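Notes follow once the structure below has been shown.
2 protein chains.
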Amino acid sequence: MNLRQFELFIAIAESGSFSRGAEKSLLTQSTVSQHIASLESEVNIRLFDRTGRGAELTAAGHLFFEHARSVLAELATLRSCMANFSGLKEAALCVGASNIPGTYLIPRLLPELARRHPGIRLTLLGGDSRAILDRLISGEVELAVIGSHPDLPDCDFTPLDPDLLVLVVGPLHRWREEVSISPQQLFEEALLLRENGSGSDLALCSALTGIGLNPAGLRVAARLGSNEAIKESIADGFGAAFLSESSVKREVARGELTIIPVTGLQVRRHFWLVTRRSRTLSPAAAAFAAVLQASKSEENQKCF
Amino acid sequence: MNLRQFELFIAIAESGSFSRGAEKSLLTQSTVSQHIASLESEVNIRLFDRTGRGAELTAAGHLFFEHARSVLAELATLRSCMANFSGLKEAALCVGASNIPGTYLIPRLLPELARRHPGIRLTLLGGDSRAILDRLISGEVELAVIGSHPDLPDCDFTPLDPDLLVLVVGPLHRWREEVSISPQQLFEEALLLRENGSGSDLALCSALTGIGLNPAGLRVAARLGSNEAIKESIADGFGAAFLSESSVKREVARGELTIIPVTGLQVRRHFWLVTRRSRTLSPAAAAFAAVLQASKSEENQKCF
DNA sequence: TCTAATTACGGCGTTCGTAAGAATG
DNA sequence: CATTCTTACGAACGCCGTAATTAGA
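From first to last, the protein sequence lines are chains A and B.
At position 165 of the first sequence the residue is numbered 165 (my numbering), and the sequence of numbers has no breaks.
Whatever position you read off the second sequence (first residue = 1), add 304 for my numbering.
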């Protein structure tokens, strides 16, 4: 009992004769005869009545016919789904992203993704880096975009465009009017930081260390769990913080926050595209990754 | 792409390794490898990621998996339907029967049919003999039970138990008290007959001719289209009629109708089981025919 | 007697297993 | 180094076609 025989069976049933069914299926009568005999012996019941001028379905044959059609219909569905999937005509894609990339990076890329592959239905799952990576490893998301690079043996990390962290203060802050400050001045001011070990925290520490300063000396007023919480606090006039440039663009434009350059200090943090090592990306995931990479070169071009 | 490969694919997907999938499917690893490679080349996309300690579905593989399961589910349905059908566990049967057999013969057989084959779902289509035979020839019904035997080359007729036609009159009829009447007396009375050429009409004519009388001399008060119409008329006291003994049993028992024996005249009419020549009967139809035949011998035993 | 399905048989392609090789952890 | 998948190659099986046979109209 195989799919070819099903198609043959249906060709015969619809044409009413073994010979015409054979023609349709590009086979000879004799082969057709063998196949039907084989089917009949397998279900142990006659499927066609041989009438002398063709063949006609028996009651059992009618039953078989209906179900054979269902089987072939399912098969056709499978084929078309696979073709759509391969061709990116229609594909579900599940991506994980931590806070900053999920809020500020990926949304900017959605138009380009939709333009290139209108069939991709994207689901974006959020969470902190650790949770996102867990979801990646479990297969719940196919790729992840995060702002840190833990040492995971099972994952491949691809750098995306670097995120610039800038010092921002609120409209009532005493630094408000400064054209710039020195790195040393940072140690005199109450700072708001993200969680210990978070991507932005690590980036700041590494930048300070890079110019010979010890991050441990910073006056950390608070460590807050969200970018937005820090913004709120600063907007009220309390403290200063290093925030992702892209995440404060809007507020800076409205004058709610002000960027204060710090002479000789550049705090950068990379975003990483993470995939499971030696796992095949679906075409949709590959397309998404390509869009991410493309945006990266664009950003870099702007930098140079 | 064939059904065997689908089963194999699912075995691998569920067990998480080519080797274990091979065991389940009673194949060797290498064969399995070839089959999956063949599937993958056919849909033109990777279905499994080979992880070094097994194999895991890719996104495309998950999609394939779902649909492959649907295909196999349909196949399983087909197999079970065919098995049920062959085994009479569950089968639809469509039978045609003309008026008398449909009303009085077949209903009596239903309990026996249900006892032998509880799974058979019977559909009984009615109509006059001609309509029933048309439905038989078109394949709409698989077998037919009728009260006449037209000369159709494409049909096989099998005689069932003969039906006895008896002369019945109403409670107000002048023959009410007669113990019996002579055949000649029939010609003095208004008779109600069925349609010209109907089974019961033919039976009466043939019986009269058989004892040397000419049916043309009968006083035909009316020809009515239904047995029940004739009963109604007679019960009102008008006329007499030859009706199927089995169809008047109930009324005779209640005293609404009376059977008057006619000396030396026996009007019999055969019922026929009709099938299309050289067509295979479904198991259900064969079972139904068997019940009919069994009832026939029973009746004959009573006769002798 | 013609048309259509079945049967017999030989060629050929596919599937399968053994065994050796490569990759992964 | 062990496990797992891949590749190569020969054997077996099944599928297909030709041609002769049988059945039906």
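Using N, Cα and C, we set each Cβ at its ideal position, and we do this for glycine too.
In this text the structure is predicted, and so the values were computed from the model without any measurement.
At a cut-off of 7 Å between beta carbons, Val71(A) contacts chain B.
For the options Leu547(B), Ala520(B) and Arg523(B), the alpha carbon positioned closest to that of Glu532(B) is the one of Leu547(B). Around the Cβ of Val483(B), a 10 Å sphere holds fewer than 16 other Cβ atoms; the residue is exposed. Proximity to Glu177(A) across Ile45(A), Ile259(A), Ser148(A) and Arg279(A) peaks at Ile259(A), based on C-alpha coordinates. The three-state secondary structure of Arg223(A), taken from DSSP, is strand.
For His35(A), the uninterrupted alpha helix (DSSP H) segment begins and ends at Gln29 to Val43.
With a cut-off of 8 Å on Cβ pairs, the region 83–101 of chain A is in contact with the region 129–140 of chain A, counting three or more such pairs. Nearest CB-CB separation between His62(A) and chain B: not below the 7 Å threshold.
Nearest C-alpha to Glu140(A) among Ser246(A), Leu292(A), Pro153(A) and Leu124(A): Leu124(A).
With respect to chain B, the C-beta atom of Val168(A) has no partner C-beta closer than 7 Å.
When the beta-carbon positions are compared, Glu549(B) and Val470(B) come within less than 7 Å of each other. For Leu476(B), the closest of Gly430(B), Phe542(B) and Thr362(B) by C-alpha to C-alpha distance is Phe542(B). At least one CB of chain A lies nearer than 7 Å to the CB of Arg350(B).
Residue range Ala544 to Ser548 is occupied by the beta strand (DSSP E) that includes Ala544(B). Residue state for Arg176(A) is assigned as coil, using DSSP reduced to three classes. By DSSP's assignment, Leu361(B) forms a beta bridge with Phe352(B).
For the pair Val578(B) and Pro457(B), the Cα-to-Cα distance works out to about 12 Å. Relative to the Cα of His574(B), the nearest Cα in the group Leu506(B), Thr567(B) and Phe389(B) belongs to Leu506(B).
DSSP, reduced to helix, strand and coil, places Arg583(B) outside both helices and strands of the structure shown, so it counts as coil. Between Phe313(B) and Ala372(B), the C-beta spacing is below 7 Å. Look at Phe6(A): its C-beta is not under 7 Å from any C-beta on chain B. Scanning its chain for C-beta atoms nearer than 8 Å, with the 5 sequence neighbours on each side dropped, one finds around Ile349(B) the residues Thr362 and Ala364, in chain order.
Within 8 Å of the CB of Ala285(A), the CB atoms of chain B belong to Ala363, in sequence order along the chain. Taking 7 Å as the cut-off, the beta carbon of Leu160(A) is found no closer than this to the beta carbon of Ala285(A). Contact annotation: Leu528(B) and Val571(B) have beta-carbon atoms that are not nearer than 7 Å.
With distances taken between CA atoms, Asp163(A) lies nearest to Trp272(A) out of Thr263(A), Leu186(A), Ala289(A) and Trp272(A). From the beta-carbon of Asn99(A), no residue of chain B is found nearer than 8 Å; the closest lies around 25 Å away. A direct Cα-Cα distance of roughly 12 Å separates Phe310(B) from Glu318(B). Annotation: Ala11(A) is outside any beta strand (DSSP E); the continuous alpha helix (DSSP H) that includes it extends over Leu3 to Ser15.
Arg420(B) and Ala76(A) have their C-alpha atoms spaced approximately 41 Å apart.
Taking 8 Å as the Cβ-Cβ cut-off, the region 18–46 of chain A approaches chain B at Val43, Asn44, Ile45 and Arg46, given in chain order. In the displayed model, Arg269(A) falls within a strand according to three-state DSSP. DSSP places Ile106(A) in the helix class (H, G or I) of the three-state scheme.
When Cβ-Cβ separations below 7 Å define contact, Phe575(B) makes no contact with chain A. Proximity of Phe461(B) to chain A, defined by a Cβ-Cβ separation below 7 Å, is not satisfied. Chain-ordered listing is empty here: chain B has no CB closer than 8 Å to the CB of His117(A), the nearest sitting near 14 Å.
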